[in-house]
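Structure, as structure tokens:
2 protein chains.
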Amino acid sequence: MKKGMIKVSVMYPNGEGKTFDMDYYINKHIPLIEALLGDVLKGTEIEKGLGGAAPKSIAPFAGVGNMYFNSVKEFGKAFGPNTEKIMGDLPNFTNIEPVVQISEVLA
Amino acid sequence: MKKGMIKVSVMYPNGEGKTFDMDYYINKHIPLIEALLGDVLKGTEIEKGLGGAAPKSIAPFAGVGNMYFNSVKEFGKAFGPNTEKIMGDLPNFTNIEPVVQISEVLA
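Below, the structure is given as structure tokens:
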């Protein structure tokens, strides 16, 4: 399982005038990240926001990309030199500035 | 894998004066949810926030609990009657009002 791993979640907040091209995201952006990070990226989980706590409410995040790494150090080493290429692809599918969460998977 | 499943993430935003007892959360609150929801809950992933995008920044969320279900309908049916019991346990470990995201796992 993923217990003990580092999980980096890139979350795209919904909002007025915000756009998010899920098709590009999943078919172009995620494969780009996978190609750039290589073996250091231990797994991904890609989400499409459906809703929030209240019935029929809009999801807080239009999309979320979760990436798993063995350590913060390995993540930094792999992501650092590719940050520009990865961030430079964002305008191709969204006008949202993502929120980034780095977590340890406890269980 | 979890592709096609419904993922419900309960996220506790960090902030000034906010407290979060991770020990209680993982040893009491999560087991409470597991006991109440039973077999309908197909899996969980519990996170402890370490940081954000900027080096040495505070994590957007102190903790995140992810729960997996086969469908939104199954989630609603299992969670609905237990909402009061689950939400009533929150003051025992945090003063944070959580953000809830319901997502479909695309990949």
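Protein chains in written order, with our numbering: chain A, -2 to 104; chain B, -2 to 104. We treat Cβ as the ideally placed atom computed from N, Cα and C, and that holds for glycine. Just so you know, these numbers come straight off a predicted model, no measurement behind them.
Would you report the Cα separation of residue i and residue j, rounded to the nearest angstrom?
i, j, result
"E71 of chain B", "K39 of chain B", "11 angstroms"
"K4 of chain B", "G62 of chain B", "10 angstroms"
"K53 of chain A", "V7 of chain A", "24 angstroms"
"L47 of chain B", "I99 of chain A", "5 angstroms"
"K25 of chain A", "L103 of chain B", "14 angstroms"
"E110 of chain A", "P57 of chain A", "Missing from the structure shown is residue 110 of chain A; chain A here goes from -2 to 104 and no further."
"L29 of chain B", "G1 of chain A", "22 angstroms"
"A75 of chain A", "P78 of chain B", "45 angstroms"
"P95 of chain B", "T41 of chain A", "24 angstroms"
"A59 of chain B", "Y9 of chain B", "6 angstroms"
"I93 of chain B", "K45 of chain B", "15 angstroms"
"V97 of chain A", "F90 of chain A", "17 angstroms"
Mind listing the chain A neighbours of residue i? Cutoff is C-beta to C-beta under 7 angstroms, in chain order.
i, result
"P57 of chain B", "V96 and Q98"
"A50 of chain B", "V97"
For a contact meaning CB atoms closer than 7 angstroms, what does residue i contact in chain B?
i, result
"V61 of chain A", "S100"
What residues of chain B sit near residue i, judged by a beta carbon separation below 8 angstroms?
i, result
"I43 of chain A", "V102, L103 and A104"
Run down chain B in chain order and give the residues with a C-beta less than 9 angstroms from the C-beta of residue i.
i, result
"L47 of chain A", "I3, V69, Q98, I99, S100 and E101"
Check the Cβ of residue i against every Cβ in chain A and list those closer than 8 angstroms, keeping chain order.
i, result
"K(-1) of chain B", "E42"
**Request:** Could you please tell me which residues of the segment 69 to 87 of chain B, in chain order, have their CB closer than 8 angstroms to any CB of chain A?
**Result:** V69
**Request:** With 8 angstroms as the C-beta to C-beta threshold (strictly closer), list the residues of the segment 10 to 24 of chain B near chain A in chain order.
**Result:** M19 and I23
**Request:** Decide if the segment 12 to 28 of chain A is in contact with the segment 63 to 82 of chain B; the criterion is three or more beta carbon pairs, one per stretch, under 8 angstroms apart.
**Result:** Touching, no, given that fewer than three Cβ pairs across the two stretches are closer than 8 angstroms.
**Prompt:** Just checking, does the segment 27 to 37 of chain B make contact with the segment 80 to 89 of chain B on the three C-beta pairs under 8 angstroms criterion?
**Reply:** yes
**Prompt:** Which parts of the segment 16 to 83 of chain B are runs of the beta strand (DSSP E), unbroken and 3 residues or longer, counting only runs that do not cross its ends?
**Reply:** 40 to 48 and 58 to 66
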